[in-house]
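In this note's numbering, the protein residues as written are 45 to 282.
Here's the structure we're looking at; comments come further down.
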Amino acid sequence: MTRVLVVEDEPAIADALVYALETDRFSVRHVLTGGDALHVLSQESFDFVILDVGLPDMTGFDVCRKLREDRTIPVLFLTARDAEIDRILGLEIGGDDYVTKPFSPREISARVRAILRRSAPNDIASHKDAASDAKGLVVKSAKKMEHDPVAMRLHCHGVCLDLTAHEYKLLLVLLENEGRVMSRDQLLEKAWYDPGAVTDRTVDAHIKTVRAKIRMVHEGAEDMIQTRRGLGYVFVMA
Ligand code: CA
């Protein structure tokens, strides 16, 4: 059962949301504050977090930032203000999606499903691995870059990369399209939920942080992401 954590301090909204999610057979835990959210997240595992931006003790952004320090769990923000949306989709926060209040709880439930489907590993990576192995390629105990679709983690030389949700998706898209030059538009299209809301520079900035994180676990491995000037980026398992 998919476990969803709902962090929302307004009881009426929370009740409607919990009801809609449970009706859709999600297993739901509800907390009222950011502090409680961080506490239960440290104790239990969840597949998804629905996070109100305006919480009594801290902002949903703060909660997300903390959360992103050590995992890539998808986050859907609930926001009442347009001004918050840019921040949610921007680099700073790394949310996966947002819904503006007032919203229909059933819409949220559908959105949660869509995000989970999208962030869930498609089978391409594992198929590709099987194909590569069959041809006798890329068979090493610790592959240079490897996808763990269940944990939604990417490992470089056997070491788990500490990626935000967008970084994870971006690197996964590049990996799945190994050897193929991907334009910034294609990357936005495939790795972001609402590509219209972000710019090419967002891609560049994320590429930069992904490279830095790869470099932290294995110096030189970041060169697997190559820049093709004027064209985009390509992943090469060198
Ligand atoms: Ca609130």
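Beta carbons are placed, not taken as given, at the ideal position from N, Cα and C, and that holds for glycine.
So what's residue i in DSSP terms, helix, strand or just coil?
{"i": "residue 92", "result": "strand"}
{"i": "residue 47", "result": "strand"}
{"i": "residue 112", "result": "helix"}
{"i": "residue 105", "result": "helix"}
{"i": "residue 191", "result": "strand"}
{"i": "residue 225", "result": "coil"}
{"i": "residue 240", "result": "helix"}
{"i": "residue 117", "result": "coil"}
{"i": "residue 219", "result": "helix"}
{"i": "residue 169", "result": "Unreliable positioning characterises residue 169 in this predicted model, as indicated by a pLDDT of 37, which lies under 50. The coordinate reading is nonetheless provided below. Residue state, collapsed to three classes: helix."}
{"i": "residue 208", "result": "coil"}
{"i": "residue 275", "result": "coil"}
{"i": "residue 99", "result": "coil"}
{"i": "residue 181", "result": "The pLDDT assigned to residue 181 is 25, lower than 50, so where the model puts this residue is not dependable; a value taken from the coordinates is nonetheless given after this. The answer is coil: DSSP assigns residue 181 none of H, G, I, E or B."}
{"i": "residue 203", "result": "strand"}
{"i": "residue 263", "result": "coil"}
Which residues mark the beginning and the end of the alpha helix (DSSP H) in which residue i is found?
{"i": "residue 66", "result": "55-67"}
{"i": "residue 85", "result": "78-87"}
Please list the terminal residues of the continuous beta strand (DSSP E) segment that includes residue i.
{"i": "residue 228", "result": "Premise fails: residue 228 lies in the alpha helix (DSSP H), 228-235, not in any beta strand (DSSP E)."}
{"i": "residue 71", "result": "71-75"}
{"i": "residue 198", "result": "197-200"}
{"i": "residue 141", "result": "141-144"}
My assumption, with CB atoms under 8 Å, is that residue i sits in contact with residue j. Please give the rounded CB distance.
{"i": "residue 51", "j": "residue 78", "result": "7 Å"}
{"i": "residue 65", "j": "residue 153", "result": "5 Å"}
{"i": "residue 48", "j": "residue 92", "result": "5 Å"}
{"i": "residue 107", "j": "residue 95", "result": "6 Å"}
{"i": "residue 209", "j": "residue 116", "result": "5 Å"}
{"i": "residue 123", "j": "residue 156", "result": "The Cβ separation is near 16 Å, so there is no contact."}
{"i": "residue 190", "j": "residue 199", "result": "5 Å"}
{"i": "residue 75", "j": "residue 84", "result": "6 Å"}
{"i": "residue 237", "j": "residue 150", "result": "About 19 Å; that fails the 8 Å criterion."}
Q: Collect the residues with a C-beta less than 7 Å away from any heavy atom of ligand 1 and give them in sequence order along the chain.
A: Ordered along the chain, the selected set is 52, 53, 54, 96, 98, 99.
(Q) With a threshold of 8 Å, are at least 3 pairs of Cβ atoms found where one atom belongs to the region 241-248 and the other to the region 256-265? (A) Judged by Cβ distances under 8 Å, the region 241-248 makes no contact with the region 256-265, as fewer than three pairs qualify.
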